[in-house]
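To keep things clear, I will list the structure first and then write my remarks on it.
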Amino acid sequence: MRKSDVRTERDVKEYLKDWSEFERSVYLATFKIPEGKVSTYSRIAEVIGKPKAQRAVANALHKNPLYPIVPCHRVVKSDGGFGGEKKAASDRRRHVEREGVPTKDGKVSLSKRVLF
DNA sequence: CCCGTGACCGACT
DNA sequence: CAGTCGGCCACGG
1238 MRKSDVRTER
1248 DVKEYLKDWS
1258 EFERSVYLAT
1268 FKIPEGKVST
1278 YSRIAEVIGK
1288 PKAQRAVANA
1298 LHKNPLYPIV
1308 PCHRVVKSDG
1318 GFGGEKKAAS
1328 DRRRHVEREG
1338 VPTKDGKVSL
1348 SKRVLF
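Residues in the first sequence are numbered from 1238 upward in steps of one, following this note's numbering.
Structure follows, in structure tokens:
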């Protein structure tokens, strides 16, 4: 199946059938984050049942094969900042801002309103 | 199986 | 506040 045809959660699973169980769970959890909201690497780790694997979660999202279908740009650090290389990070920041999430000093204020 | 590599995190200086 | 440190963990070589 082609990336451009991926829409539903089921499509995501199908498209990622050859990826590891861990990575699939990360992309699936991220896929559920609604527009206008964000989550954190920690929360994703908790949701998939691996509370101490935030670092591995970040690694998985770093190689996200379904961007922007799987909205990895909506996953931020616990302090609301955007991780990774400078350019890529600011790109993701602009992307979430465009989706309606306000930022201050390059960071998202993790209020209940925006935190998924 | 050991080892290096990170889009991490909380504690601490 | 900005930096550093140790702990953590899946993945690929």
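Every residue, glycine too, gets a C-beta built ideally from N, C-alpha and C.
- Ranked by how close their Cα comes to the Cα of residue 1239, the residues 1339, 1312, 1306 have 1306 in first place.
- Nearest neighbour of residue 1349 by Cα position, chosen from 1275, 1332, 1297, turns out to be 1275.
- Counting C-beta atoms within 10 angstroms of its own C-beta, residue 1245 has fewer than 16 neighbours from the protein chains shown and is therefore classed as exposed.
- Inter-segment contact for the stretch 1247 to 1254 and the stretch 1274 to 1293 is absent: fewer than three beta-carbon pairs are separated by less than 8 Å.
- In this structure the stretch 1249 to 1269 touches the stretch 1300 to 1317; the number of beta carbon pairs closer than 8 Å is three or more.
- Of 1343, 1342, 1336, the smallest CA-CA separation from residue 1351 is found for 1336.
- Judged by DSSP in its simplified three-state form, residue 1276 adopts strand.
- Around the CB of residue 1311, 16 or more other CB atoms lie within 10 Å, so the residue is classed as buried.
- By a beta-carbon distance limit of 8 Å, residue 1303 does not contact residue 1263. Their separation comes to about 11 Å.
- Residue 1344 has 1341 as its beta-bridge partners, per DSSP.
- In the DSSP assignment, residue 1296 falls within the unbroken alpha helix (DSSP H) covering 1291 to 1299.
- With contacts defined by Cβ atoms closer than 8 Å, residue 1277 and residue 1333 do not form a contacting pair.
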